[in-house]
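> In my numbering, the protein residues as written are -8 to 312.
Where a beta carbon is used, it is the ideal one built from N, C-alpha and C, also for glycine.
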Ligand SMILES: [Zn+2]
């Protein structure tokens, strides 16, 4: 724990990895390198690249990733990436393709989140945005789904608890799709509170019923907008966060609830993402010395993704003294 407010003077971390710009092996997939490229171009234009602490992260250690995943599943993913036909046949879902870089890229995405936890506990940054792909929140303990292979946010949360000895962490998922993999991995873990909003019904149409006791799930009908978001944040998330007293807050930051996204039908805007980020940064600063790790999930309309991440980063670095 810090004894003063010096951390407020530190820059926001922008953690990424060398394969975040590698092509998706599935031609034409919306989960593409152009997403990171659009974010970084917008940061350059907005002058944000000079204000963040940019780090290129390496892969997470295998034993760390095994905190969230079945070792046999990780073996299979590694063999599939190496071209093993039997392992490749197990990754035959229509929205996924495993290429030569997939295993390493997924391990590097998780590695960025683990490095973010360390950087916050060693207090070398104020908070962190992990610009990673593949994303992670649909990946379950032993399954890949929806462009996700390793559940980056779950690996980070479990690493913070088991290896860095925190006692309580919160995970907040505002991607338009339900973070079903995260819910599966953290279900009934009393050290984790998982808050999630999502359009329903919509991919992946998979929920644990009844909802696990540590999960605060808010399914939303198509058309829900920023007014609904504010009701959830003020009426549900902030009071429950305050009661839980997390020592670190993780965000599964998907920006595909934006009104310009064609993949779903929620109506959020940049103003809403700025509001949401500001409230969560304020909560992290009041509850846990600002220890907040934001991890990129979805967001496929390149223009709205880039603008939304820009306001997200601006709010992460707000009032830096
Ligand atoms: Zn999504």
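Pick out whichever of 18, 43, 138 and 19 has its Cα sitting closest to the Cα of residue 304.
43
> Inspect the beta-carbon positions of residue 14 and residue 24 and report whether they are closer than 7 Å.
yes
> DSSP three-state call for residue 5: helix, strand or coil?
strand
> Along the chain, where does the beta strand (DSSP E) containing residue 209 start, and where does it finish?
For residue 209, the enclosing beta strand (DSSP E) covers residues 206 to 211.
> Would you please state the rounded distance, in angstroms, between the beta carbons of residue 53 and residue 65? I believe it to be under 8 Å.
Contact holds; Cβ gap of about 7 Å.
> Just to confirm, is the Cβ distance from residue 315 to residue 248 under 7 Å?
Limits of the chain in this structure are -8 at one end and 312 at the other, which puts residue 315 out of reach.
> So which residues touch the region around ligand 1, with touch meaning a C-beta under 7 Å from any heavy atom?
Checking every Cβ against the heavy atoms of ligand 1 under 7 Å gives 166, 167, 168, 245, 247, 288 and 289.
> Have a look at residue 231 and residue 18 and give me their C-alpha separation to the nearest angstrom.
Rounded to whole angstroms, residue 231 to residue 18 spans 42 Å at the Cα level.
> Can you have a look at residue 163 and say buried or exposed, based on whether 16 or more other CB atoms are within 10 angstroms of its CB?
buried
> Using alpha carbons as the reference points, say which of 98, 234 and 211 lies closest to residue 130.
98
> Could you give the uninterrupted runs of the alpha helix (DSSP H) lying entirely in the stretch 154 to 182, keeping only those of 4 residues or more?
Runs found: 171 to 177.
> Would you list the residues sitting across from residue 89 in a DSSP beta bridge?
According to DSSP, residue 89 bridges with nothing at all.
> Whole angstroms are fine: how far does the CA of residue 306 sit from the CA of residue 277?
15 Å
> Could you tell me which of 308, 298 and 310 sits nearest to residue 34, measuring between CA atoms?
298
> Name, in chain order, the residues that DSSP records as bridge partners for residue 240.
161 and 283
> Hey, would you say residue 188 sits closer than 7 Å to residue 223, going by beta carbons?
For residue 188 and residue 223, yes; Cβs fall inside 7 Å.
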